[in-house]
Amino acid sequence: MNIGLVLHPERARATAVAEEVVVGAAARGINLVAADEGAAALAGVEAGDLESTELMLSIGGDGTVLEAVKQALPLGIPVLGINLGRVGFLAEIEESHLDETLDRIEARDWAVEDRMTVKAEIEDGPTVHGLNDIVISKRMFNRLATLAVTVDGAAFRTYRADGMVVASATGSTAYSFSAGGPAVDPRLRALFMTAVAPHSLFSRTLVFEPDRVLGFVAGSDRPVGVEVDASDLGELRAGQAVQVTNGDTDARFATMGARRFPHTLQHKLGLDGD
145 MNIGLVLHPE RARATAVAEE VVVGAAARGI NLVAADEGAA ALAGVEAGDL ESTELMLSIG
205 GDGTVLEAVK QALPLGIPVL GINLGRVGFL AEIEESHLDE TLDRIEARDW AVEDRMTVKA
265 EIEDGPTVHG LNDIVISKRM FNRLATLAVT VDGAAFRTYR ADGMVVASAT GSTAYSFSAG
325 GPAVDPRLRA LFMTAVAPHS LFSRTLVFEP DRVLGFVAGS DRPVGVEVDA SDLGELRAGQ
385 AVQVTNGDTD ARFATMGARR FPHTLQHKLG LDGD
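In the working numbering, the protein residues as written are 145 to 418.
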């Protein structure tokens, strides 16, 4: 049995936990295949073909899970995250359950949950997929971005704001949430558009069917940047557009039933008190 391994590149604890995983996996006859440079540097981890893997194991926080999803998405491999971060909406497994998790991996005892992704098509530029969100935002600290928004090609409205976020349900608890958007069950399929600090009395999140195409055209006066899952794609020139819709391929998450979304909200956001 082969599983891929991704770990946080600059966190000593991630390396220590990964070394425990290497020992535990070897004892169970599980082969580990490196999916990034951090994993490749570990003794006992192969530099093999990820297409041969049945599972991608992420060790770190939610950012590490996003990196694992980037590697796994084109291969259709499910991702399982071991959480070493502070929040950990995406990483299901806590470090204290490591041995039990390896036992269940050996037994192939997991279910797969599909998650909608988002896709950005930049005019005269690349098409990219993300799990959480597409962000179009200002590049000048003291100037708002001007963005003309279209829905399925029809003019909708022009926003002046720090930026716009289009999130999947999975990404609703990331940047979208900090901008005032709702926390949404990640199994839902929809696009959530939220303005970041808009210069307007209207600041509500708008929810669209997943196959709607949301267009954003950069104004002529100020530069704006585009990010996918916090990775910078560069700037839009004046009049250049980016189209955002649901992704062509779902991300796949392995789950061992360790927690469900209501419990995650309670635990991570401190909602379990009176």
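Glycine residues also receive a C-beta, built at the ideal position from the N, C-alpha and C atoms.
Computed from a predicted model, the values in this text were never measured in an experiment.
When rounded, the separation of the alpha-carbon atoms in R155 and D206 is 13 Å. Pairing L217 with I147 gives a Cβ-Cβ distance that is not under 7 Å.
With the rule of 3 Cβ pairs closer than 8 Å, the segment 240-258 does not count as touching the segment 267-283. Going by beta carbons, V309 and L358 fall outside the 7 Å limit. Between S344 and G307, the C-beta spacing is not below 7 Å.
Counting only the Cα atoms, P367 lies some 9 Å from R287. By the 16-neighbour rule on beta-carbons within 10 angstroms, A299 is exposed. Pairing D243 with T393, the inter-Cα distance amounts to about 32 Å. With the rule of 3 Cβ pairs closer than 8 Å, the segment 187-203 counts as touching the segment 215-230. Counting C-beta atoms within 10 angstroms of its own C-beta, L380 has 16 or more neighbours from the protein chains shown and is therefore classed as buried. In the structure shown, the three-state DSSP call for R381 is coil. Apart from sequence neighbours up to five positions away, the residues of its chain that approach L377 with a beta-carbon distance below 8 Å are A264, I266, G269, P270, V272, G369, V370 and E371, ordered along the chain.
If the five residues before and after M145 are omitted, its C-beta is found closer than 6 Å to the C-beta atoms of I174, all from its own chain and listed in chain order.
Shown here, I237 sits in a strand according to DSSP, grouped into three states. Bounds of the alpha helix (DSSP H) holding L409 are F405 to L413. Within the segment 173-256, the complete alpha helix (DSSP H) runs of at least 4 residues fall at 181-184, 206-216 and 242-250.
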